[in-house]
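Participant:
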Amino acid sequence: MSAPPTDRPAVRPRSGRRPIPPLIFLLVLALAALAVWWNVLQDEQDRDAAQAAACTTASAAPPSLDPTTLTLRVFNATDTAGLAQSVAADLQGRGFVVEEVANDPSDREVTGVGEIRHGPRGTDAAAYVGLVLRGAGDHLDTRATAQVDLVIGPEFVFPDSLATPQQVSAALSTAQSAAAAC
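If you want this note's numbering, it's the position in the sequence shown, counting the first as 1, plus 60.
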């Protein structure tokens, strides 16, 4: 038997269109969309990281306290006579309650501009005093009171080592604005 005749040719003629250029265009378009979304997600992650850093800074910021509620002892750990008395007079002029002025009674070696000694109950007060004596070391001891000792070190220069009331206010306002951003 022979095959019936058909009107169709065995091979279909090409239409002349090539599928490659439209596929390349779609691929480029998809890559561009992917790049845009990648940038959007990166920007969002950067914003979240910046806000987390600001909140961490705000939580570590010293509290804004009233100096009249803080009881300090000022000790001199240097060979300069009368330095503790000068610092105590300056702090009293700012409203701090200075309970004692003397040479450092401890055997601790103090380096730098000084050291702030306190117990667990005096942590907030010590952080506030740290704004006044910039660069002072922090020493946590076992005392049960909120009393803070300000120990003047060998690199202390009166009055340059003490922050001015304006500098303390500026540091506190920066911390408060960071807290408001959270």
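Every residue gets a Cβ at the ideal spot worked out from N, C-alpha and C, and that includes glycine.
1) Using 8 Å as the limit for Cβ to Cβ distance, is residue 205 near chain B?
2) Spatial neighbours of residue 180 within its chain, please: CB distance less than 8 Å, with the 5 preceding and 5 following residues excluded, ordered by chain position.
3) Along the alpha helix (DSSP H) that carries residue 209, what are the first and last residues, could you check?
4) Quick check: the Cα distance between residue 173 and residue 101, rounded to an integer number of angstroms?
5) Is the distance from the Cβ of residue 194 to the Cβ of residue 149 below 8 Å?
6) Quick one: what's got a C-beta closer than 6 Å to residue 211's C-beta in the same chain, skipping five residues either side?
7) What are the start and end residues of the alpha helix (DSSP H) that includes residue 183?
8) Please state whether DSSP places residue 179 in a helix, a strand or coil.
9) Do residue 161 and residue 131 come within 8 Å of each other at the CB atom, strictly closer than that value?
10) Which residues share a DSSP beta bridge with residue 131?
11) Quick one: Cα of residue 147 to Cα of residue 191, how far?
12) Would residue 217 pass as a contact of residue 178 if the rule is Cβ separation under 8 Å?
Facilitator: Considering the structure as presented:
1) Of the protein chains in the structure, only one exists, and it is not chain B.
2) Reading the sequence shown from its first residue, position 120 is the one you call residue 180. Counting only Cβ-Cβ distances below 8 Å, and skipping sequence neighbours, we find 200.
3) Locating residue 209 in the sequence shown gives position 149, where the first residue counts as 1. That residue, residue 209, is in no alpha helix (DSSP H); its beta strand (DSSP E) goes 208 to 212.
4) Numbered from 1 along the sequence shown, position 113 holds the residue referred to as residue 173. Numbered from 1 along the sequence shown, position 41 holds the residue referred to as residue 101. Cα to Cα, residue 173 sits roughly 46 Å from residue 101.
5) As a position in the sequence shown, residue 194 is number 134, starting the count at 1. As a position in the sequence shown, residue 149 is number 89, starting the count at 1. For residue 194 and residue 149, no; Cβs fall outside 8 Å.
6) Counting from 1 along the sequence shown, the entry for residue 211 is found at position 151. Correct list, in chain order: 135, 137, 164, 170, 174, 175.
7) Position 123 of the sequence shown holds residue 183. 183 to 192 is the span of the alpha helix (DSSP H), which, as asked, contains residue 183.
8) As a first step, residue 179 must be located in the sequence shown, where it is residue number 119. Residue 179 falls in the coil class under three-state DSSP.
9) The sequence position of residue 131 within the sequence shown is 71, counting from 1. The sequence position of residue 161 within the sequence shown is 101, counting from 1. Result no, Cβ atoms of residue 131 and residue 161 do not sit closer than 8 Å.
10) Locating residue 131 in the sequence shown gives position 71, where the first residue counts as 1. BP columns for residue 131 point to 157.
11) Translated into the one-based positions of the sequence shown, residue 147 becomes position 87. Translated into the one-based positions of the sequence shown, residue 191 becomes position 131. Cα to Cα, the separation comes out at about 15 Å.
12) As a working mapping, residue 217 is identified with position 157 in the sequence shown. As a working mapping, residue 178 is identified with position 118 in the sequence shown. The answer is no: Cβ separation not under 8 Å.
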